[in-house]
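Chains as they are written, first to last, in the numbering used here: chain A, 1 to 397; chain B, 398 to 768.
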Amino acid sequence: MEIALAKEDIAFAEKLRSLFTTEIPAEIRAKGQRGEPLSKADFLTSQRILNAHALAVPHWPVEWGGQDWTPVQRHLWAEELALAHVPPPLAFNAAMVGPVIATFGSEELKQRFLPKTANLDIWWCQGFSEPNAGSDLASLKSTAVRDGDEYVVNGQKTWTTLAQYADWIFALVRTDPAAKKQQGISFLLIDMATPGVTVRPIHLIDGGYEVNEVFLDNVRVPADQLVGEENRGWDYAKFLLGNERTANAGTGVIKTRIIRLKQIAAETIANGRPVLDDPLFRARLTRLEVETTALEMSVMRVLANESKHPGKPDPVSSVLKLRGSELQQEATELLMDVVGPAALAYRESPDLPDGFSAMPNGAIDAMPRYFNWRKASIYAGSNEVQRTIIAKAILKF
Amino acid sequence: MDFDLTEEQRLLADTVKGLLDKRYDANARLALLDSELGWSRELWKQYAELGLLGLAVDEQYGGAGMGPAELAIVMESFGRALVLEPFLSTVVLGGSLVAEAGTAEQKQELLPKVAAGELLLAFACTEPGSRWSFTELVTTAKQDGERWTLNGEKIAVLGGDSADVLVVTARTDDGIGLFLVDAADVIRASYAMQDGLRGADILLTDAPATLLGTSTDALAVIDAVVDRATAALCAEAVGAMGRMLTMTVDYLKTRVQFGQPIAVFQALQFRSADMYVSLEQARSMTLLARLALSGDDPAERQRLVQAAKIQIDLAGKHISQEAIQLHGGIGMTMEYPVGHYAKRVTVIAKTFADTDTLLAAVGSGEGLVHA
Numbered sequence: 001m002e003i004a005l006a007k008e009d010i011a012f013a014e015k016l017r018s019l020f021t022t023e024i025p026a027e028i029r030a031k032g033q034r035g036e037p038l039s040k041a042d043f044l045t046s047q048r049i050l051n052a053h054a055l056a057v058p059h060w061p062v063e064w065g066g067q068d069w070t071p072v073q074r075h076l077w078a079e080e081l082a083l084a085h086v087p088p089p090l091a092f093n094a095a096m097v098g099p100v101i102a103t104f105g106s107e108e109l110k111q112r113f114l115p116k117t118a119n120l121d122i123w124w125c126q127g128f129s130e131p132n133a134g135s136d137l138a139s140l141k142s143t144a145v146r147d148g149d150e151y152v153v154n155g156q157k158t159w160t161t162l163a164q165y166a167d168w169i170f171a172l173v174r175t176d177p178a179a180k181k182q183q184g185i186s187f188l189l190i191d192m193a194t195p196g197v198t199v200r201p202i203h204l205i206d207g208g209y210e211v212n213e214v215f216l217d218n219v220r221v222p223a224d225q226l227v228g229e230e231n232r233g234w235d236y237a238k239f240l241l242g243n244e245r246t247a248n249a250g251t252g253v254i255k256t257r258i259i260r261l262k263q264i265a266a267e268t269i270a271n272g273r274p275v276l277d278d279p280l281f282r283a284r285l286t287r288l289e290v291e292t293t294a295l296e297m298s299v300m301r302v303l304a305n306e307s308k309h310p311g312k313p314d315p316v317s318s319v320l321k322l323r324g325s326e327l328q329q330e331a332t333e334l335l336m337d338v339v340g341p342a343a344l345a346y347r348e349s350p351d352l353p354d355g356f357s358a359m360p361n362g363a364i365d366a367m368p369r370y371f372n373w374r375k376a377s378i379y380a381g382s383n384e385v386q387r388t389i390i391a392k393a394i395l396k397f
Numbered sequence: 398m399d400f401d402l403t404e405e406q407r408l409l410a411d412t413v414k415g416l417l418d419k420r421y422d423a424n425a426r427l428a429l430l431d432s433e434l435g436w437s438r439e440l441w442k443q444y445a446e447l448g449l450l451g452l453a454v455d456e457q458y459g460g461a462g463m464g465p466a467e468l469a470i471v472m473e474s475f476g477r478a479l480v481l482e483p484f485l486s487t488v489v490l491g492g493s494l495v496a497e498a499g500t501a502e503q504k505q506e507l508l509p510k511v512a513a514g515e516l517l518l519a520f521a522c523t524e525p526g527s528r529w530s531f532t533e534l535v536t537t538a539k540q541d542g543e544r545w546t547l548n549g550e551k552i553a554v555l556g557g558d559s560a561d562v563l564v565v566t567a568r569t570d571d572g573i574g575l576f577l578v579d580a581a582d583v584i585r586a587s588y589a590m591q592d593g594l595r596g597a598d599i600l601l602t603d604a605p606a607t608l609l610g611t612s613t614d615a616l617a618v619i620d621a622v623v624d625r626a627t628a629a630l631c632a633e634a635v636g637a638m639g640r641m642l643t644m645t646v647d648y649l650k651t652r653v654q655f656g657q658p659i660a661v662f663q664a665l666q667f668r669s670a671d672m673y674v675s676l677e678q679a680r681s682m683t684l685l686a687r688l689a690l691s692g693d694d695p696a697e698r699q700r701l702v703q704a705a706k707i708q709i710d711l712a713g714k715h716i717s718q719e720a721i722q723l724h725g726g727i728g729m730t731m732e733y734p735v736g737h738y739a740k741r742v743t744v745i746a747k748t749f750a751d752t753d754t755l756l757a758a759v760g761s762g763e764g765l766v767h768a
């Protein structure tokens with residue numbers, strides 16, 4: 001997208017690229033390139049190196065480790081991270097709870113949590129969804145009842161990503177059962193080691209383990225771990241979900257996947273020629289590339305608007321998550337098609353007994369990734385919710 | 398990075414919109430469609446007075462010397478109103494070909510007349526057997542001293558019915574050349590195209606011609622001008638698609654069935670939301686095409702403009718099909734405007750190249766997304 005960028009922005013991106021590719025260990029980035037799962041240690045190493053270069057939480061306030069960057073620079077940072085296969089700073093820390101504490105938390109909470117959150121010394125998970133509160137998040141039922149200097153929390157959270165690694169959870173809990181739906185909710189920080197917190201794995205159709213149920217059973221939480229004011233939690237959650245609107249497009253992820261699948265398609269021979277040269281495949285691929293370029297240009301429009309009119313809502317941003325998730329999914333579909341029969345075996349390791357051919361790139365992850373990425377049109381406001389937003393807010397139905 | 402209109406651009410947009418709002422309501426347009434000429438010479442004069450016909454013509458030739466951004470603004474407005482006048486053929490294609498390829502004398506002779514609205518041009522580049530190629534031509538040009546003679550047949554020449562001078566592609570010893578041919582020296586079979594715009598098939602039988610410029614290999618100029626025209630078509634299509642979406646949403650809110658406006662049905666709301674997504678993606682690519690026109694590398698320029706056209710074609714098909722469907726029967730009628738918009742974007746998708754041809758072109762080499 002250089003054509004839409006200023007020279008300084010291109011130079012800025014190049015500087016980041018060279019830093020990411022020299023400072024982040026090659027073996028970690030190679031995992032990303034090969035589509036292998038990342039370990040907890042990989043995330044820790046990557047985020048701590050980034051934090052040492054003041055690049056883990058650039059969108060935070062400067063006094064807490066942020067950078068005074070333009071919207072375009074923030075976008076390029078995310079884009080270059082993806083293109084260099086760097087494990088991104090943990091979203092729950094960097095994009096979610098960090099900005100909420102920095103904006104609404106007390107000075108004491110900031111000092112206690114922000115440095116450790118930036119450095120991933122605390123691994124956060126997100127306690128929002130409940131079994132009966134998905135798209136309709138405000139119908140959540142977990143309660144927190146004040147008892148002296150503590151809240152007593154009861155309820156169940158679900159779809160809690162990487163809770164198995166988490167030290168702390170930021171949770172939406174109902175503190176005023178009498179208030180109307182959105183108004184009785186508070187934003188509470190809970191130590192996962194507190195008695196009464198139980199994590200149960202949820203196994204997904206791709207064979208992987210990334211989400212959990214979290215049970216909260218008479219969990220006693222010190223009242224000073226409330227962020228901001230009691231019963232204002234919904235506002236903080238909305239602030240959190242509205243952050244970094246352009247990140248939802250995932251253009252860096254889509255481009256990374258396209259580059260990889262083109263490389264594999266160039267190496268994979270079918271009917272005597274590389275799959276990449278098959279006109280039918282090529283037409284599908286090109287269509288995806290065109291749509292991705294359009295999405296990237298839509299991101300540029302939103303960024304240009306944000307730079308010029310900060311804080312002004314931009315209807316185009318609602319397109320980004322909807323179309324971005326669909327294109328991310330299409331890229332996983334194309335990779336699965338490129339790898340072909342080699343993708344059929346479910347395997348966790350690329351090692352085979354002596355005498356067998358080496359497994360081709362993509363054999364292990366193509367099909368699991370395809371199944372896994374069905375999530376993209378469900379999470380962060382399902383695509384049906386996005387269509388409803390467009391219909392109501394833009395088309396005024 | 399600032400994509401907002403400048404003050405001058407906003408003024409231009411408002412001026413064009415003001416004129417078209419006044420003069421281009423659905424009934425006035427239907428009357429023009431039925432007229433013998435198919436468009437309005439009186440409006441053409443007004444476009445000239447507003448400077449639209451000399452928009453992209455250098456100031457030394459009586460124009461305003463403006464760029465792709467201003468052209469896109471005019472084309473989007475024209476798309477919203479579904480303008481019938483031969484602007485694309487005369488100004489964007491003919492005028493640009495003369496400006497890019499012509500000698501100083503040719504530019505001095507032709508461009509001020511284009512800007513003043515006194516000369517109509519058309520670009521004759523398609524043949525019965527050429528499909529979407531600009532080089533697979535049968536038409537030949539033979540030289541005899543300073544004079545040239547053209548023989549061949551051209552089809553689907555936009556604005557070819559009323560053009561005074563035709564810019565014709567023909568095979569030369571060196572490649573494909575561009576030639577100026579007086580319309581009086583050819584045989585024309587004129588018609589209305591599927592979208593109501595006028596055109597003609599043209600027979601060239603020993604037609605006297607003048608070489609445009611000095612080179613008999615004009616492919617680079619043809620590519621550049623077709624890219625400029627393609628970007629202009631993208632903008633026109635965005636105007637037309639935006640109008641189709643607005644009309645559809647308005648219709649859903651007023652059409653009552655089962656005792657309520659059908660806008661309450663989620664199935665229809667979601668389909669409208671998807672139309673909006675298609676429209677904005679198309680708008681983004683139209684902006685990219687416009688930026689690409691100012692680039693230095695012709696291959697990159699062409700790749701991005703063609704990519705934009707793919708997006709426009711896909712969005713045009715989606716939005717026009719849904720616009721008719723969500724209107725129901727009324728969308729099928731000549732008296733209701735939405736079908737006319739659908740016809741225009743369908744013809745745009747088949748102008749210069751079709752989607753498959755563009756996919757093949759954009760997908761060759763390293764493609765759009767690469768390391």
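No residue lacks a Cβ here, since even glycine has one placed at the ideal position from N, Cα and C.
Taking only beta-carbon positions, decide if residue 660 of chain B is within less than 9 Å of chain A.
yes
Give the residues of chain B in contact with residue 321 of chain A, contact being defined as C-beta atoms less than 7 Å apart.
Result: empty, since nearest Cβ-Cβ is about 11 Å, beyond 7 Å.
Residue 707 of chain B - DSSP class collapsed to helix/strand/coil:
helix
Let me know the secondary structure DSSP gives residue 658 of chain B once reduced to three states.
strand
Listed by chain order, chain A residues near residue 677 of chain B by CB distance under 7 Å
298, 316 and 319
Going straight from the alpha carbon of residue 90 of chain A to that of residue 155 of chain A, what length do you get?
25 Å
Which chain B residues sit within Cβ distance under 9 Å of residue 303 of chain A?
398
Per-residue DSSP class, three states only, for residue 171 of chain A
strand
Assess, as a yes-or-no matter, whether the region 247-256 of chain A is touched by the region 186-198 of chain A under the definition of 3 or more beta carbon pairs within less than 8 Å.
no
Using only CA atoms, which one of B:468, B:742, B:589 and B:441 lies nearest to residue 452 of chain B?
Distances from the alpha-carbon of residue 452 of chain B to those of B:468, B:742, B:589 and B:441 put B:468 closest.
Give the DSSP bridge partners of residue 541 of chain B, in chain order.
B:544
Per DSSP, what kind of secondary structure is residue 361 of chain A in: helix, strand or coil?
Residue state, collapsed to three classes: coil.
To be precise: take each residue of the region 233-263 of chain A, compare its Cβ to all Cβ atoms of chain B, and keep it if any distance is under 9 Å. Which residues remain?
254, 255, 258, 259, 262 and 263
For the region 321-340 of chain A, which residues have a CB atom closer than 8 Å to at least one CB atom of chain E, in sequence order?
Judged by its chain identifiers, the structure shown contains no chain E, and its protein chains are A and B.
Which residues mark the beginning and the end of the beta strand (DSSP E) in which residue 605 of chain B is found?
For residue 605 of chain B, the enclosing beta strand (DSSP E) begins and ends at 595-608.
Give the secondary structure of residue 125 of chain A by DSSP, where H, G and I count as helix, E and B as strand, and everything else as coil.
strand
Which of helix, strand or coil DSSP assigns to residue 57 of chain A:
coil
Under the three-state DSSP convention, the category residue 483 of chain B falls into:
Reduced to three states, the DSSP call for residue 483 of chain B is coil.
Let's test the definition: count the other Cβ atoms within 10 Å of the Cβ of residue 573 of chain B and tell me whether it reaches 16, buried, or not, exposed.
By the neighbour-count criterion, in which a residue is buried when 16 or more other Cβ atoms sit within 10 angstroms of its Cβ, residue 573 of chain B is buried.
Roughly how many angstroms separate the alpha carbons of residue 334 of chain A and residue 268 of chain A, rounded to a whole number?
13 Å
Find the nearest neighbour of residue 271 of chain A within the set A:338, A:315 and A:310, judged by alpha-carbon distance.
A:338
If you drop the 5 nearest sequence neighbours on each side, which residues of the same chain put their C-beta closer than 7 Å to that of residue 770 of chain B?
Outside the modelled stretch of chain B, which goes from 398 to 768, sits residue 770 of chain B, for which no answer is possible.
Identify, in the order they occur along the chain, each residue of the same chain with its Cβ nearer than 7 Å to the Cβ of residue 755 of chain B, setting aside the five sequence neighbours on each side.
703, 706 and 707
Please name the residues in the region 381-394 of chain A whose beta-carbon is closer than 7 Å to at least one beta-carbon of chain B, in chain order.
Here the close residues are 387, 390, 391 and 394.
Host alpha helix (DSSP H) of residue 337 of chain A (start-end)
317-339
DSSP bridge partner residues for residue 156 of chain A (one or two, in chain order)
A:215
How big is the Cα-Cα spacing for residue 130 of chain A and residue 414 of chain B?
51 Å
Quick one: is residue 287 of chain A near chain B, going by C-beta distance under 9 Å?
Cβ-Cβ to chain B under 9 Å: yes for residue 287 of chain A.
Spell out whether any CB of chain B is found under 9 Å from the CB atom of residue 17 of chain A.
no
Could you list which residues in chain B have their beta carbon closer than 7 Å to that of residue 441 of chain A, in chain order?
Chain A is shown only over 1 to 397; residue 441 of chain A falls outside these bounds and no answer can be derived.
9 Å Cβ cutoff, residue 511 of chain B in contact with chain A
no
Taking 9 Å as the threshold (beta carbon to beta carbon), is residue 86 of chain A in contact with chain B?
no
Please identify the residue among A:372, A:160, A:210 and A:10 whose C-alpha is closest to the C-alpha of residue 331 of chain A.
A:372
Inter-stretch contact (C-beta, 8 Å, three-pair minimum) for the region 661-670 of chain B and the region 389-397 of chain A:
Cβ pair count under 8 Å is three or more, so yes.
Below 9 Å between beta carbons: does that hold for residue 594 of chain B and residue 576 of chain B?
In this structure, residue 576 of chain B does not lie closer than 9 Å to residue 594 of chain B by Cβ.
Compare the C-beta of residue 738 of chain B with all C-beta atoms of chain A and state if any pair is closer than 9 Å.
Under the 9 Å criterion on CB atoms, residue 738 of chain B is classed as non-interfacial with respect to chain A.
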